[in-house]
Amino acid sequence: ALWACARDVTIAPTSVKREGATIVCGIDEAGRGPLAGPVTAAAVILGGRFPDERLDDSKVVHPQTREELAPLIREHSRAWAVGWAWPEEIDRINIHHATLLAMVRAFRGLDVTPGLVLVDGRFALAVGAPCRAEIDGDARIPEIMAASILAKTARDRWMVRYARIDDRYGFESHFGYATRSHRERLRLHGPSPIHRRSFKLC
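Take any residue in the sequence shown, count from 1 to its spot, add 2: that is its number in my numbering.
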């Protein structure tokens with residue numbers, strides 16, 4: 003399996019070591035927690051110093067700022083790619099393995115081979131390049147910050163598009179997360195094709 007060789011890392015390094023690599027890829031995900039929709043990952047190789055100081059972990063960046071940063075990241079990256087794992091895959095292999103699968107798919111979408119891959123979280127990936135897990139990397143490492151923003155904005159846009167197909171749940175406002183409104187609509191309508199049956203939906 004694509005995710006089978008992920009390694010659990012329990013202690014974060016005190017500083018980011020790039021091990022002499024000049025081409026560094028950051029990988030992060032969005033959408034582990036929602037009740038509906040895909041889990042999305044992005045892989046980013048920045049092309050040098052990023053020109054906008056607002057770059058940060060997507061969780062602390064205002065949604066409008068994320069939307070402004072995403073095209074800048076794509077423009078100023080040496081390479082970038084987005085990977086997805088779909089609700090039926092999440093239900094089949096669980097959210098943890100589906101997240102790793104989306105990350106591997108993002109990495110495989112790159113057209114540049116990095117000398118080092120830094121993955122946010124506790125699990126390094128078996129991707130055919132040196133890879134290291136970085137706990138809280140999305141708060142410290144520009145490549146991972148950029149990946150977190152691309153993953154989040156790509157997933158949000160997907161959920162908004164799906165809401166135009168099925169407007170019963172308000173996906174355009176909560177993006178599949180377990181808000182009170184979302185749970186009320188789930189009780190009223192039952193699950194949609196993109197709800198994760200393996201999650202506690204109501």
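In this text, a Cβ means the ideal position worked out from N, Cα and C, and glycines have one as well. Given the structure is predicted, the values throughout are model-derived calculations rather than measurements.
Item	Value
Tell me whether residue 86 counts as near the ligand NAD, meaning its Cβ is closer than 8 Å to at least one heavy atom of that ligand.	The ligand NAD is not part of this structure, which contains no ligands at all.
Cutting at 7 Å between CB atoms, please list the residues of its own chain near residue 147, excluding the five before and the five after it.	57, 58, 59, 140
Taking its Cβ as the centre, do 16 or more other Cβ atoms sit within 10 Å of residue 24, making it buried, or is it exposed?	exposed
I'd like the list of long-range same chain contacts for residue 7, defined as Cβ closer than 8 Å, with 5 residues on each side in sequence excluded.	Because residue 7 sits at a pLDDT of 49, beneath the cut-off of 50, its placement in the model cannot be relied upon, and the point is left open.
Would residue 104 pass as a contact of residue 130 if the rule is Cβ separation under 9 Å?	no
Would you verify that the beta carbon of residue 52 is, or is not, closer than 9 Å to some beta carbon of chain D?	Structure shown: chain D not included; a single protein chain is present.
Look up residue 125 in the DSSP assignment and say whether it is helix, strand or coil.	strand
Can you give me the C-alpha to C-alpha distance between residue 187 and residue 153, rounded to a whole angstrom?	26 Å
Hey, residue 52 and residue 75: beta-carbon distance below 9 Å or not?	yes
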